[in-house]
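In what follows, a single structure is set out as structure tokens and then discussed.
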Amino acid sequence: MIPQILNNAVTKFSWLTIECCLITNQAALMTRKTWAGMASNAVWIAVGILLAWLVWCIVAFVSKKPVKSMEPKARQAVDSVSFLLFFYWMTAGLLTSIINMPMVWVSWAALALCLIFFVLRGKN
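If you're matching positions, the sequence shown starts at 162 in this note's numbering and goes up one per residue.
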């Protein structure tokens, strides 16, 4: 049951969105120290998504409803984007010279493209 929950689209896109929030938070705090509003909004969005995901996991686990895993190609694509964003976030924490605000928009665009890819792939 746990592997199906971890390989589900809800889990993958929740973590991808949380990674975008982490990048947004880090960029806002490191590049424009006056953008505290943007950084705190990113934190609140990430906390909300994390709590909603945890509730979904508990409900799925307790109700023992079958949870569908993503197909391997779609999961691999989302995992690759997720890894790249996480790697950027970790690297940007160490090398502050590579963090910039346009990367925030790139990370959210990557999330949107993954969602579009997933939705269009499901229609075929």
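Glycine residues also receive a C-beta, built at the ideal position from the N, C-alpha and C atoms.
Small disclaimer: the values here were computed from a predicted structure and weren't measured.
Neighbourhood of residue 179 by C-beta, 8 Å cutoff - its chain only, sequence neighbours within 5 removed:
207, 210 and 211
Quick test of your reading: residue 214 and residue 243, contact by CB under 8 Å. State the CB separation rounded to the nearest angstrom.
About 14 Å; that fails the 8 Å criterion.
Quick one: any contact between the segment 219 to 233 and the segment 252 to 261, if contact means 3 or more CB pairs under 8 Å?
no
Label residue 186 either buried or exposed according to how many other C-beta atoms from any shown protein chain fall within 10 Å of its C-beta, with 16 as the threshold for buried.
buried
Using only CA atoms, which one of 219, 171, 182 and 170 lies nearest to residue 201?
182
Skipping 5 residues on each side, what residues in its chain have a beta carbon closer than 7 Å to that of residue 169?
228, 229, 230 and 231
Separation of residue 184 from residue 246, as counted between CA atoms
8 Å
Same chain, Cβ closer than 8 Å to residue 165, neighbours up to 5 away in sequence not counted
227, 228, 229 and 230
Same chain, Cβ closer than 6 Å to residue 281, neighbours up to 5 away in sequence not counted:
none
Between 262, 173, 218 and 219, which lies nearest to residue 240 when the distance is taken from Cα to Cα?
173
Taking only runs that begin and end inside the segment 228 to 278, name each unbroken alpha helix (DSSP H) of 4 or more residues, in chain order.
233 to 255
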